[in-house]
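**Q** My questions all concern the structure below.
2 protein chains.
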Amino acid sequence: MAEKEISQAVIGRLPRYFRFLGELKDEGVERISSQELSGIMNVTASQIRQDFNNFGGFGQQGYGYNVEYLYQEIGRILGLDKTHHLIIVGAGNLGQALANYMNFERRGFIFTGVFDNNPALYGRKIRGIEVRPMEEVADFVEQNNVDIAVLTIPKNSAEEVAERLVSVGIKAIWNFAHVDLKVPKEVQVENVHLSDSLMKLSYMLERYEKESRETNE
Amino acid sequence: MAEKEISQAVIGRLPRYFRFLGELKDEGVERISSQELSGIMNVTASQIRQDFNNFGGFGQQGYGYNVEYLYQEIGRILGLDKTHHLIIVGAGNLGQALANYMNFERRGFIFTGVFDNNPALYGRKIRGIEVRPMEEVADFVEQNNVDIAVLTIPKNSAEEVAERLVSVGIKAIWNFAHVDLKVPKEVQVENVHLSDSLMKLSYMLERYEKESRETNE
DNA sequence: TAGATTGTTAATCGATTAACAATC
DNA sequence: TAGATTGTTAATCGATTAACAATC
Chain S
1 MAEKEISQAV
11 IGRLPRYFRF
21 LGELKDEGVE
31 RISSQELSGI
41 MNVTASQIRQ
51 DFNNFGGFGQ
61 QGYGYNVEYL
71 YQEIGRILGL
81 DKTHHLIIVG
91 AGNLGQALAN
101 YMNFERRGFI
111 FTGVFDNNPA
121 LYGRKIRGIE
131 VRPMEEVADF
141 VEQNNVDIAV
151 LTIPKNSAEE
161 VAERLVSVGI
171 KAIWNFAHVD
181 LKVPKEVQVE
191 NVHLSDSLMK
201 LSYMLERYEK
211 ESRETNE
Chain P
1 MAEKEISQAV
11 IGRLPRYFRF
21 LGELKDEGVE
31 RISSQELSGI
41 MNVTASQIRQ
51 DFNNFGGFGQ
61 QGYGYNVEYL
71 YQEIGRILGL
81 DKTHHLIIVG
91 AGNLGQALAN
101 YMNFERRGFI
111 FTGVFDNNPA
121 LYGRKIRGIE
131 VRPMEEVADF
141 VEQNNVDIAV
151 LTIPKNSAEE
161 VAERLVSVGI
171 KAIWNFAHVD
181 LKVPKEVQVE
191 NVHLSDSLMK
201 LSYMLERYEK
211 ESRETNE
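Line by line, the protein sequences give chains S and P. Start counting the first sequence at 1; every next residue gets the next number (our numbering). Start counting the second sequence at 1; every next residue gets the next number (our numbering).
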């Protein structure tokens, strides 16, 4: 029974709904209408209802949505009720920062191992977990049921390492290397291209300054 | 002379064009047609031409596009020909990682200062630049012509710090805190919500596993 | 000139918004 | 029952793709 494909636009909004609902929940808000949520989140009430209805009806006519319930359901849609074992590949600054910065665990992402091919780092501990050489990754992934790899290595070796991770059984790659990885379609890739993001900011800055100049002429 | 507004969709694709053109340039490729680029980048040739023509004609009929020229023009559109002075606010793991990891300088983003409100960090050097107390930020921004702030602090203080940065003359914020900042519309904000990104990956993983289950039944 | 490929207009597709009947 | 608000269908808007005339 093939369900209808959910658009990227909708998926991209889910984490934001999840965040706002979590905050409302923490504030003790019990119910909310699409209208109210619209005001808080700065999107149309219509879009909110359409988005939720992609996954079935979570609300109740005349009442609205139960915050706690909706929060849980969106969490479930996002797969946050499941547990994933995750390794970080590349123990440089960014890899270390991610290991320490994000409290993955709260959402079911268990930081299980960290790998590098720089012998100087072997044995050094990051958040209590020691850096292992890349050679051990195959056994480790198998033995520890790892399904997600965080790729924080330079772009030139990224493609090769990604291939290796895939061959070893990794199901999803959170890719911080500045390349478009070529992986089999059953492997999920989410890119975080930081320099692209900074360039967008640069564009916006540039455009605003340009507009200002033109307005003042 | 108000130019037509460029859609977010187009802007979002510019950095990727820039990256591919840079690689082609490095490989010594002189000219390329929208058709060829389409094959490499996995987008339609039509979209490529439409995108470029938002900014005027960069190509030549019967010939295609000059790689070097197009690369430069897109760089210019993105504002990468300008120099920006940038500070990092929040000298934790992520702030340090960003300072070290990205070679901002190559694109005209000059890492000028780093601030924190933790006295234990004052004076410690990150990439040769010492951590300063937040109290000094106003004078520093003014004296050093800083226009971009990278916000790598916890979400609870982000709003307050952002306000302060704005009041002090910051024009753009690269926001890694997991909140939607409220700033005047003349201040540009680009969000990097890492946990949102990880949740999207989680969703894709979940969906794929679900599909697999259903197919095998 | 003939061939290639852009720039641009028109057609299609998809996403967002509006409207309203269903129902709590 | 009356009022509120969803779920859902229809209308609109915008983005992508196709087509082709302009032109190098």
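All C-beta atoms, glycine included, are put in the ideal place defined by N, C-alpha and C.
Hey, does Leu121(S) have any beta-carbon neighbour from chain P nearer than 8 Å?
**A** As a working mapping, residue 121(S) is identified with position 121 in the first sequence. False, the Cβ-Cβ gap to chain P never drops below 8 Å.
**Q** Would you say Lys182(P) reaches chain S, if we count a Cβ-Cβ gap shorter than 8 Å as a contact?
**A** Translated into the one-based positions of the second sequence, residue 182(P) becomes position 182. For Lys182(P), the answer is no, since every Cβ of chain S falls outside 8 Å of its Cβ.
**Q** If the cut is a Cβ gap below 9 Å, which residues of chain S does Ser197(P) touch?
**A** Here residue 197(P) refers to the residue found at position 197 of the second sequence. Simply Pro15, Trp174, Glu190, Asn191, Val192.
**Q** What number of angstroms, rounded off, separates the C-alpha of Ala45(S) from the C-alpha of Lys4(P)?
**A** Here residue 45(S) refers to the residue found at position 45 of the first sequence. Here residue 4(P) refers to the residue found at position 4 of the second sequence. If you take the alpha carbons of Ala45(S) and Lys4(P), they lie about 28 Å apart.
**Q** How about Met1(P): is its C-beta nearer than 8 Å to some C-beta of chain S?
**A** Taking the second sequence and counting its residues from 1, the one referred to as residue 1(P) is at position 1. Confidence at Met1(P) is low in this model, with a pLDDT of 37, below 50, so the placement of that residue should be treated as unreliable; the coordinate-derived value is given next. With 8 Å as the cut-off, Met1(P) counts as an interface residue toward chain S.
**Q** Based on the DSSP secondary-structure assignment, which residues constitute the bridge partners of Ile32(S)?
**A** Residue mapping note: residue 32(S) aligns to position 32 of the first sequence, counting from 1. Paired residues: Tyr65(S).
**Q** If I follow the unbroken beta strand (DSSP E) through Val150(P), where does it start and stop?
**A** The sequence position of residue 150(P) within the second sequence is 150, counting from 1. Run containing Val150(P): 146 to 151, per the beta strand (DSSP E) assignment.
**Q** With DSSP collapsed to three states, give me the class of Gly57(P).
**A** Taking the second sequence and counting its residues from 1, one reaches residue 57(P) at position 57. Looking at Gly57(P) - three-state DSSP - the assignment turns out to be coil, as it is neither helix nor strand.
**Q** Compile a chain-ordered list of the residues in the stretch 64 to 98 of chain S whose CB is closer than 8 Å to at least one CB of chain P.
**A** Listed by position, the residues of the stretch 64 to 98 of chain S near chain P (Cβ gap below 8 Å) are Ile77, Leu78, Gly79, Leu80, Lys82, His84, Gly92, Asn93, Leu94, Gln96, Ala97, Leu98.
**Q** Met134(P) and Leu194(S) - do their beta-carbons sit closer together than 8 Å?
**A** On the first sequence, position 194 is the one that residue 194(S) refers to. On the second sequence, position 134 is the one that residue 134(P) refers to. Cβ distance not < 8 Å, so Leu194(S) and Met134(P) don't count as in contact.
**Q** In terms of alpha-carbon separation, which member of Arg76(S), Ile173(S), Glu36(S), Gly12(S) lies closest to Glu190(S)?
**A** The residue labelled residue 190(S) in the question sits at position 190 within the first sequence. Nearest of Arg76(S), Ile173(S), Glu36(S), Gly12(S) to Glu190(S), Cα basis: Ile173(S).
**Q** Alpha helix (DSSP H) containing Arg207(S): first to last residue?
**A** Counted from its first residue, the first sequence places residue 207(S) at position 207. Arg207(S) -> alpha helix (DSSP H) spans 194 to 215.
**Q** On the DSSP bridge assignment, give the partners of Asp116(S) in chain order.
**A** Position 116 of the first sequence, counted from the first residue, corresponds to residue 116(S). Per DSSP, Pro133(S).
**Q** Quick one: what's His84(S) bridged to in DSSP?
**A** Taking the first residue of the first sequence as 1, we reach residue 84(S) at position 84. His84(S) pairs with Phe109(S).
**Q** Would you mind sorting Leu198(P) into buried or exposed? The rule is 16 or more other CB atoms within 10 Å of its CB.
**A** Against the second sequence, residue 198(P) aligns to sequence position 198. Classification of Leu198(P): buried, given that the 10 Å Cβ count is 16 or more.
**Q** Show which residues of chain S have a CB atom less than 9 Å away from the CB atom of Gly12(P).
**A** Counting from one through the second sequence, the residue named residue 12(P) turns up at place 12. Under the 9 Å cutoff, chain S gives Asp196, Lys200.
**Q** What residues from chain P crowd round Asn100(S), counting only those whose CB sits closer than 7 Å?
**A** To locate residue 100(S), count along the first sequence from 1; it is residue 100. Neighbours of Asn100(S) on chain P, chain order: Asn93.
**Q** Assign Tyr63(S) to buried or exposed, taking buried as 16 or more other Cβ atoms, counted over all protein chains shown, within 10 Å of its Cβ.
**A** Working through the first sequence from its first residue, we reach residue 63(S) at position 63. With fewer than 16 other Cβ atoms within 10 Å, it is exposed.
**Q** For Leu205(P), decide whether its Cβ has a neighbour in chain S, counting only Cβ atoms nearer than 8 Å.
**A** Locating residue 205(P) in the second sequence gives position 205, where the first residue counts as 1. Yes, contact with chain S.
**Q** Any beta-carbon of chain S closer than 8 Å to the one on Phe18(P)?
**A** Taking the second sequence and counting its residues from 1, one reaches residue 18(P) at position 18. With 8 Å as the cut-off, Phe18(P) counts as an interface residue toward chain S.
**Q** Cβ of Val166(S) within 8 Å of Cβ of Leu86(S)?
**A** As a position in the first sequence, residue 166(S) is number 166, starting the count at 1. As a position in the first sequence, residue 86(S) is number 86, starting the count at 1. Contact flag unset, no.
**Q** Taking all protein chains shown into account, decide if Val89(S) is buried (16 or more other Cβ within 10 angstroms of its Cβ) or exposed.
**A** For this step, residue 89(S) is matched to residue 89 along the first sequence. Flag for Val89(S) reads buried.
**Q** Have a look at Val183(S), Ala91(S), Val114(S) and flag the residue whose alpha-carbon is nearest the alpha-carbon of Glu159(S).
**A** Taking the first sequence and counting its residues from 1, one reaches residue 159(S) at position 159. When only C-alpha atoms are compared, the closest one is Val183(S).
**Q** What residues in the stretch 155 to 174 of chain P bring their beta carbon closer than 7 Å to a beta carbon of chain S?
**A** Cβ contacts with chain S come from Lys171, Ala172, Trp174.
**Q** In whole angstroms, give me the CA-to-CA distance for Phe18(P) and Val29(S).
**A** Walking along the second sequence from the start, residue 18(P) turns up at place 18. Walking along the first sequence from the start, residue 29(S) turns up at place 29. Taking the straight line joining both Cα atoms gives about 46 Å.
**Q** So Ala162(P) packs on Leu151(P), CB below 8 Å; how close in whole Å?
**A** Locating residue 162(P) in the second sequence gives position 162, counting from the first residue. Locating residue 151(P) in the second sequence gives position 151, counting from the first residue. Right, their Cβ atoms sit about 6 Å apart.
**Q** Determine the chain S residues that contact Phe109(P) at a beta-carbon separation under 8 Å, and present them in chain order.
**A** The count along the second sequence starts at 1 and reaches residue 109(P) at position 109. Under the 8 Å cutoff, chain S gives Leu198, Ser202.
**Q** What number of angstroms, rounded off, separates the C-alpha of Arg49(P) from the C-alpha of Lys200(S)?
**A** Within the second sequence, the letter at position 49 stands for residue 49(P). Within the first sequence, the letter at position 200 stands for residue 200(S). C-alpha separation (whole angstroms): 20 Å.
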